[in-house]
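Peer 1:
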Amino acid sequence: MRIISPSVLAANFKNISEDIKKVESAGADRLHLDIMDGNFVPSITFGPLIIDAINDCTHCHLETHLMIQNPHKSFDQYIKAGSDTLIFHIEASNNPEEELSYIRENNVAAGIALNPDTDEKCLLPLLDYLDYILIMSVFPGKGEQSFINSTLKKMENIVQMTKGRNITIGVDGGVNLDTISEVYATGIDVTIVGSGLFKSDNISQRYQDLMNA
Ligand code: DX5
Ligand code: ZN
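Numbering (the working numbering), first residue to last: 35 to 247.
1) In this structure, how does DSSP classify residue 105 when only helix, strand and coil are distinguished?
2) Are the beta-carbon atoms belonging to residue 119 and residue 163 less than 8 Å from one another?
3) Quick one: is residue 126 buried, meaning 16 or more other Cβ sit within 10 Å of its Cβ, or exposed?
4) From which residue to which residue does the alpha helix (DSSP H) around residue 232 run?
5) Let me know the alpha helix (DSSP H) ranges lying completely inside the segment 45-80, each 4 residues or longer, listed in chain order.
6) Please state whether DSSP places residue 219 in a helix, a strand or coil.
7) Taking residue 144 as part of the beta strand (DSSP E), name the residues at either end of that continuous run.
8) Could you pull the start and end residues of the alpha helix (DSSP H) that residue 201 belongs to?
9) Which of helix, strand or coil does DSSP assign to residue 224?
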């Protein structure tokens, strides 16, 4: 069963609740929220206040993707704002075991994101601490980038590595009508779709097309 997590970074920020309602009525029950700090990645997007506002206008599961330096310093703000899954980058982490445990202790699902050039073997000592693994299929920092095909093998490897464990695997970046089928063929659980969904003329129809591609 495909699970699409729309990346609201690509939504119409002039009326974000309208776009959220569109994807909810199309069937989405999960949203992806991209936090960028201008340090870990060059762009700056939005922070906990926006998450709090989004949390007030949806019942979707909110997966917050922290593309920030020293993520542990901000965990409390994003937990308080309503994140249901909190994901930080292994490349920005000081102590992943401790940080994942802290998130779990706050009754939020704990996730780690991996850049395309980070070896998935770094996950092996963390599997007992993980609820979610986010595999980046673009380098983080902006939407509307092209899918990096070499990450497909990494997806297959991580699916194998986590067999029998209750870890959700997401793929983030460049997922669209052209790439979504080969991504799901690797055995992953969730695809994050931003521009491939919100930039279409008919969001509801596109959501269905992505589910059936
Ligand atoms: C990139 C973000 C992605 C991005 C996805 O740094 O983490 O979530 O917004 O957008 P598309 O689907 O347009 O690549
Ligand atoms: Zn993301």
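Where a beta carbon is used, it is the ideal one built from N, C-alpha and C, also for glycine.
Bear in mind the structure is a predicted one, so any value in this text is a computation, not a measurement.
Peer 2: In short, the structure shows the following:
1) Start at 1 with the first residue of the sequence shown, and residue 105 comes out as number 71. Three-state DSSP puts residue 105 in a helix.
2) Within the sequence shown, residue 119 is the residue found at index 85, counting from 1. Within the sequence shown, residue 163 is the residue found at index 129, counting from 1. In this structure, residue 163 does not lie closer than 8 Å to residue 119 by Cβ.
3) In the sequence shown, the residue the question calls residue 126 occupies position 92. Answer is buried; the Cβ neighbour count reaches 16.
4) For the purposes of this step, residue 232 is taken as residue 198 along the sequence shown, with counting starting at 1. Where residue 232 is concerned, the enclosing alpha helix (DSSP H) stretches over 229-232.
5) 50-60
6) Residue numbering aside, residue 219 sits at position 185 when the sequence shown is read from its first letter. Three-state result, residue 219: helix.
7) Here residue 144 refers to the residue found at position 110 of the sequence shown. It spans 143-148 - the beta strand (DSSP E) in which residue 144 sits, taken as one unbroken run.
8) The count along the sequence shown starts at 1 and reaches residue 201 at position 167. Element bounds for residue 201: n/a, residue is neither H nor E.
9) Position 190 of the sequence shown holds residue 224. Residue 224: strand per DSSP, three-state reduction.
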